[in-house]
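Down below is the structure, laid out as structure tokens.
Number of protein chains: 2
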Amino acid sequence: MRRGAAFAARPTPWPARYWNARSTSAPRSHRFNCAVPACCSQASGRLRREAPMHDGLLRIGSAAVPYRYGADCTDGLAEGIEALGLGSAIVVIDEAVQSHAEPLLSRLGQRMQVRPIVIAGAEQHKRLSLVEEVLDRAVAEGADRTSAILAMGGGLVGNVAGLAASLLFRGVRLVHLPTTPVAAFDAVLSLKQGVNLRSGKNLCGAYTAPAMIGCDLTWLTTIPRRGLLTGIAEMAKNVLAVVPGRERDFEEALANLPDRPVAAFTTLFELGFDSKAPMLRTDPNEKKAALVFEYGHTVGHALESVAAGAMSHGEAVAWGMLTAAEASAQLGHLGDADLKRHYRLLSHLELPAPRIALERFDLESLATRLRSDNKRGHIPCPPESAPMVLLRRLGEPVADGDGMPLIPVSIGTALDAFEKVTATEEL
Amino acid sequence: MRRGAAFAARPTPWPARYWNARSTSAPRSHRFNCAVPACCSQASGRLRREAPMHDGLLRIGSAAVPYRYGADCTDGLAEGIEALGLGSAIVVIDEAVQSHAEPLLSRLGQRMQVRPIVIAGAEQHKRLSLVEEVLDRAVAEGADRTSAILAMGGGLVGNVAGLAASLLFRGVRLVHLPTTPVAAFDAVLSLKQGVNLRSGKNLCGAYTAPAMIGCDLTWLTTIPRRGLLTGIAEMAKNVLAVVPGRERDFEEALANLPDRPVAAFTTLFELGFDSKAPMLRTDPNEKKAALVFEYGHTVGHALESVAAGAMSHGEAVAWGMLTAAEASAQLGHLGDADLKRHYRLLSHLELPAPRIALERFDLESLATRLRSDNKRGHIPCPPESAPMVLLRRLGEPVADGDGMPLIPVSIGTALDAFEKVTATEEL
Chain W
1 MRRGAAFAAR
11 PTPWPARYWN
21 ARSTSAPRSH
31 RFNCAVPACC
41 SQASGRLRRE
51 APMHDGLLRI
61 GSAAVPYRYG
71 ADCTDGLAEG
81 IEALGLGSAI
91 VVIDEAVQSH
101 AEPLLSRLGQ
111 RMQVRPIVIA
121 GAEQHKRLSL
131 VEEVLDRAVA
141 EGADRTSAIL
151 AMGGGLVGNV
161 AGLAASLLFR
171 GVRLVHLPTT
181 PVAAFDAVLS
191 LKQGVNLRSG
201 KNLCGAYTAP
211 AMIGCDLTWL
221 TTIPRRGLLT
231 GIAEMAKNVL
241 AVVPGRERDF
251 EEALANLPDR
261 PVAAFTTLFE
271 LGFDSKAPML
281 RTDPNEKKAA
291 LVFEYGHTVG
301 HALESVAAGA
311 MSHGEAVAWG
321 MLTAAEASAQ
331 LGHLGDADLK
341 RHYRLLSHLE
351 LPAPRIALER
361 FDLESLATRL
371 RSDNKRGHIP
381 CPPESAPMVL
391 LRRLGEPVAD
401 GDGMPLIPVS
411 IGTALDAFEK
421 VTATEEL
Chain A
1 MRRGAAFAAR
11 PTPWPARYWN
21 ARSTSAPRSH
31 RFNCAVPACC
41 SQASGRLRRE
51 APMHDGLLRI
61 GSAAVPYRYG
71 ADCTDGLAEG
81 IEALGLGSAI
91 VVIDEAVQSH
101 AEPLLSRLGQ
111 RMQVRPIVIA
121 GAEQHKRLSL
131 VEEVLDRAVA
141 EGADRTSAIL
151 AMGGGLVGNV
161 AGLAASLLFR
171 GVRLVHLPTT
181 PVAAFDAVLS
191 LKQGVNLRSG
201 KNLCGAYTAP
211 AMIGCDLTWL
221 TTIPRRGLLT
231 GIAEMAKNVL
241 AVVPGRERDF
251 EEALANLPDR
261 PVAAFTTLFE
271 LGFDSKAPML
281 RTDPNEKKAA
291 LVFEYGHTVG
301 HALESVAAGA
311 MSHGEAVAWG
321 MLTAAEASAQ
331 LGHLGDADLK
341 RHYRLLSHLE
351 LPAPRIALER
361 FDLESLATRL
371 RSDNKRGHIP
381 CPPESAPMVL
391 LRRLGEPVAD
401 GDGMPLIPVS
411 IGTALDAFEK
421 VTATEEL
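Chains as they are written, first to last, in UniProt numbering: chain W, 1 to 427; chain A, 1 to 427.
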């Protein structure tokens, strides 16, 4: 049963009285009880020095979204949320990050009604049926038009809760509290909310500006290294397609990851923010210049779809970027030095050997996926081709006459480029 | 199975070749084959004289929505839709109005790809699951970002297809083709799209401006008289709460309905348009002054919910308006003459005798529904009260300091007023 699968059956691990400021038994103060060992005890002073609070306004079109990123910053996040003047907070939490939620939510619970909804964050649950369950639970928990939905988890929770906030009473406020690198540095810096249809990924959604984005970077330190790949791949994409001058920052962050993770995450956040913010200001719905962030995502989505769960988004996008670079070179846009820099930069991702990872893919299955790529409607695209972001130089996409960074590439060219990546000795 | 219940199983009754301009067998011309006997043969000249095409732009906030209302106006509607430059038209059609669709869709099919999706329009299907089915069918029929969803049917089809258009690829264009009076004169003149949750009516939705609204008023002439009640009740609401000077137009339209239905519908359309347009311009999301259109809908929704399908929306709203008028009088806002005018105007609706219709309602069940009325979040509202639109005069709601036309009314007062309506001898 979907409901059973998507909703964590286990009871909330915190005393219920923590969640409700209106309950007479709610404590006026609480013992800080952070689940991240490196965070609030011996290391907190060091982390604070490493990563001062980044806060400000992210402008996405006409929306100004307050953001707060820091380490050991429960109070700062809570104050930001309290300043929204919410009637109540419905908190959609990935079951994997419940321990991170406790300090923040018990702090919030002193001032407002806080209601957690714990969900399991698997891609196959990212459907309208899960959104509907969240909506029904929110109403049952007393949500009204003055409530906000807080999304605490990775990209999936952000998307599901984001769409739920867009739809509940035709829109209540949304607060993103990302707990994975890809969510924190990439996915939440966007108006795009969405879920999958049976017929394809992210085909159903809405554009909604969050009322706030907040992240305690110590939440990210508990992600296993393999789980970091997607966030790192998206930041590599930003370096290659948008801000090549930040290559050293990127490499420095990767080097810092094992021993100084908060410093590394701070650098990666700055990289993500600085790449996306200027584009989002003028292209809030990411339908024109900001389509450059789709670099690597045409072949990437096709690989992910054919692999049906056996390849992470980050790995698929990495192969997709190499394929796009090979296609750019093959079509005479990209020089050999910039192509080689792709391989060098992406070697940091510790991808599996290309032959082992890619030879198993049936080219006809990939071609089928490429023919129905969901970026087709953005530009006129002949049937035997797929819309791809190509580069003429690092940081400089090939644009059509209207400045659209999407080019129809014949399926044959795309598959030739993919075979070059499969056969490469560069990684 | 929901899918079986909501989707009409019967095959589309028109030759498939009519639907696809790209098919080589698509005819370049077609014989006009209107299903409304009074429309295109002997009477069409008269109808055309009775009802010249109304077209223009409806301004809803910053959106300018082209509308076209006329009789026997297939060509005019088709030209309006063609001018949108659609990649394809996905037409969501209520199975009850398929015969009305044929002339328009076969005309459109000469110029663009037209794909019908026939659904059954029952209230219990108005859920996200039906929206998801429409979305999956649309993608399977080749919809892309250049497509539009056309909604042809009553309020339910408009709502389901409207929300589907809001969500597909995060928003494709929406064309409303209303075929019932309440849809044509009321529901489609709005940005509000929405479906029901298990926990309540219309709790899940979006604000989306249609790309066009088009209506051939002859479509409305096939609705049985009882089916007209909801549209007429909403127009009576407009007279009572917004434009009392139009009372004679309203009564004249009702008198014309049996013999000159198109003339009657034209008057009712003008009444609906003139009531809503000025409010929508300044309050596009209907969260402030336009909440006056909720007149009668607090007790109305409670009755409808308790009756669970046994009372039409129009009848429920009529009783709701009488209750709101009695409460307004009881609280010293509304004078006796204006209260009496409510009974006089609503007597035209041929409602059943109040005792027979209303005595069967359990007051405690009504109270429960009133306590969770979905307008609560618009204003602060104490627990034992419900937000209602009250009148101080016809056309003049009682407003709070911020100009909000909603007042918290104690459940006791609301139920007292309801009992007065139940016991009335005025109808």
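From the three backbone atoms N, C-alpha and C, an ideal C-beta is built for every residue, glycine too.
No experiment lies behind these values; they were computed from the predicted model shown.
Near the ligand ZN: residue i beta-carbon under 6 angstroms from a heavy atom
i        : result
GLY56(A) : The ligand ZN is absent from the structure shown, which contains no ligands of any kind.
Residue i classed as buried or exposed, judged by whether at least 16 other C-beta atoms fall within 10 angstroms
i         : result
GLN113(W) : buried
LYS340(W) : exposed
GLU350(A) : exposed
ALA135(W) : A quick correction: the sequence has Leu, not Ala, at residue 135(W). By the neighbour-count rule (16 or more Cβ atoms within 10 Å), LEU135(W) is buried.
MET53(W)  : exposed
SER190(A) : buried
GLU384(A) : exposed
ALA122(W) : exposed
GLY403(A) : exposed
LEU57(A)  : exposed
ARG225(W) : exposed
ASN33(W)  : Low per-residue confidence applies at ASN33(W): pLDDT is 27, beneath 50, and the placement is therefore not dependable enough to give any value.
SER347(A) : exposed
PRO258(A) : exposed
Through-space distance from residue j to residue i, alpha-carbon basis
i              : j         : result
ALA187(W)      : VAL262(A) : 53 angstroms
THR180(W)      : GLY154(W) : 5 angstroms
residue 428(A) : ILE81(W)  : Limits of chain A in this structure are 1 at one end and 427 at the other, which puts residue 428(A) out of reach.
ASN256(A)      : GLU270(A) : 15 angstroms
GLY171(W)      : TYR67(A)  : 27 angstroms
ARG111(W)      : ASP75(W)  : 13 angstroms
GLU326(W)      : LEU228(W) : 25 angstroms
PRO352(A)      : ALA318(A) : 11 angstroms
ILE379(A)      : SER166(W) : 21 angstroms
ARG248(W)      : ALA241(W) : 15 angstroms
CYS381(A)      : PRO408(A) : 6 angstroms
Identity of the residue in the options nearest residue i by Cα
i              : options                                    : result
GLY300(W)      : ALA367(W), ALA277(W), GLU252(W)            : ALA367(W)
LEU334(A)      : VAL242(A), PHE293(A), VAL398(A), LYS375(A) : VAL398(A)
THR267(A)      : GLU252(A), ARG281(A), GLY231(A), ASP259(A) : GLU252(A)
GLY309(A)      : ALA96(A), GLN124(A), VAL118(A), GLY87(A)   : GLN124(A)
ILE149(W)      : ASP216(W), PRO210(W), LEU254(W), ALA289(W) : PRO210(W)
residue 428(A) : ALA140(A), GLY61(A), GLY121(A), ALA324(A)  : Look at the range of chain A in this structure, 1 to 427, and you will see that residue 428(A) is not part of it.
ASP55(A)       : LEU77(A), GLU102(A), ALA63(A), GLY61(A)    : LEU77(A)
ASP274(A)      : ALA83(A), ARG344(A), ARG225(A), GLY245(A)  : GLY245(A)
GLY194(A)      : GLY401(A), ALA161(A), LEU108(A)            : ALA161(A)
ARG393(A)      : GLY109(A), VAL243(A), LYS192(A)            : VAL243(A)
ASP373(A)      : ALA289(A), PHE185(A), ALA101(A), THR298(A) : THR298(A)
THR218(W)      : VAL409(W), GLY61(W), TYR69(W)              : TYR69(W)
MET279(W)      : ASN238(W), LEU254(W), GLY314(W)            : ASN238(W)
Under 7 angstroms by beta carbon: chain W residues contacting residue i
i         : result
HIS378(A) : ARG145
ASP136(A) : LEU197, ARG198, SER199
Residue i: contacting residues in chain A (beta-carbon distance under 9 angstroms)
i         : result
GLY200(W) : VAL139
ALA211(W) : The contacting residues do not exist; ALA211(W) stays about 15 angstroms from chain A at best.
Sequence-distant residues of the same chain with beta carbon closer than 6 angstroms to residue i, five excluded per side
i         : result
ARG145(W) : PHE169
HIS176(A) : ALA151, GLY158, VAL188, PRO210, ILE213
ALA307(W) : none
LEU197(A) : LEU203, CYS204
Under 8 angstroms from the C-beta of residue i: neighbouring residues of chain W
i         : result
PHE185(A) : Neighbours of PHE185(A) on chain W: none; closest Cβ ~22 angstroms, over 8 angstroms.
SER166(A) : ALA206
ARG115(A) : Going along chain W, no residue has its Cβ under 8 angstroms from ARG115(A), so there is no contact; the nearest lies around 14 angstroms.
Spatial neighbours of residue i in its chain, beta-carbon cut-off 8 angstroms, leaving aside the 5 residues before and after
i         : result
MET311(A) : LEU303, GLU304, ALA357
LEU391(W) : LEU240, ALA241, TYR295, ALA324, ALA325, SER328, HIS333, LEU334, ASP338, PRO397, VAL398
ALA423(A) : PRO354, ARG355
LYS126(A) : LEU156, ASN159, VAL160, VAL195, ASN196
Cβ-based neighbour list, residue i, same chain, cut-off 7 angstroms, excluding 5 preceding and 5 following
i         : result
LEU163(W) : VAL131, GLN193, GLY194, VAL195, GLY205, ALA206
LEU104(A) : THR74, LEU77, ALA78
HIS313(A) : THR230, GLU304
Interface partners of residue i on chain W, CB under 9 angstroms
i         : result
LEU130(A) : Going along chain W, no residue has its Cβ under 9 angstroms from LEU130(A), so there is no contact; the nearest lies around 10 angstroms.
Cβ of residue i within 7 angstroms of any chain D Cβ
i         : result
ARG170(W) : In the structure shown, chain D does not exist; the protein chains are W and A.
Neighbouring residues, chain A, relative to residue i (Cβ below 8 angstroms)
i         : result
GLY194(W) : ARG170
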